[in-house]
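Written below as structure tokens is the structure these notes are about.
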Amino acid sequence: MAFNFALNHGDLSNPNGALPSGYTQSQIRSYFDVKNIANNVIADLQKLYRTARFITSATSTISSSERRIAVRTGMHDFDGDGSILQEYGEADYHFMLQHSNGDWSEKHGSNPSINDGQINPSTFSWNAAGYSNYYNSATVYIAVSN
Numbered sequence: 000m001a002f003n004f005a006l007n008h009g010d011l012s013n014p015n016g017a018l019p020s021g022y023t024q025s026q027i028r029s030y031f032d033v034k035n036i037a038n039n040v041i042a043d044l045q046k047l048y049r050t051a052r053f054i055t056s057a058t059s060t061i062s063s064s065e066r067r068i069a070v071r072t073g074m075h076d077f078d079g080d081g082s083i084l085q086e087y088g089e090a091d092y093h094f095m096l097q098h099s100n101g102d103w104s105e106k107h108g109s110n111p112s113i114n115d116g117q118i119n120p121s122t123f124s125w126n127a128a129g130y131s132n133y134y135n136s137a138t139v140y141i142a143v144s145n
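Numbering that gives the first Met the number 0 puts the first residue of the sequence shown at 0, with every later residue one more than the last.
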């Protein structure tokens, strides 16, 4: 849902498709690498004939026909078994989008969107499911065409 919300597109479920079943730990760690997710976002947008480009920060210059999104990932071994399992909430990605007034918003699943205000996504704690700073990767910024 956060992917659809950030890109204002109703039928995208996972960046560049879902992680295949029967994945290895190496595959899941590679898939949920924040740079891989960001590259997949750009690939999906190109398929939709929209433009997107990497930018360096929440204040990077963008054109009037673009908006900023931010993406992070989180991978955690909550049960201590040495593996990361997506189906147990141990791996996920999340997006925020910036509005024209400078506020940043996010959306978790089917919950209502949250306006986080005038934050810096790079220093903001990206929380989920009761876990503080669940999405703890570096923040990657993308300028996306409207």
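No residue lacks a Cβ here, since even glycine has one placed at the ideal position from N, Cα and C.
When DSSP states are grouped into helix, strand and coil, Y92 belongs to the strand group. In this structure, the CA atom of I36 is about 8 angstroms from the CA atom of Y92. In the DSSP assignment, D43 falls within the alpha helix (DSSP H) that extends over 33–46. Under the three-state reduction of DSSP, I27 is assigned to helix. By the neighbour-count criterion, in which 16 or more other beta carbons inside 10 Å mark a residue as buried, E86 falls on the exposed side. Excluding sequence positions up to five before and after G73, its CB lies within less than 6 angstroms of the CB of D91, Y133, Y134, N135, all in the same chain and listed in chain order. If you draw a straight line from the Cα of H75 to the Cα of I83, it is about 6 angstroms long. The three-state secondary structure of Q117, taken from DSSP, is coil. Between I141 and I27, the gap from beta carbon to beta carbon reaches 8 angstroms or more. R66 sits close to Q97, with the two beta carbons spaced by under 8 angstroms.
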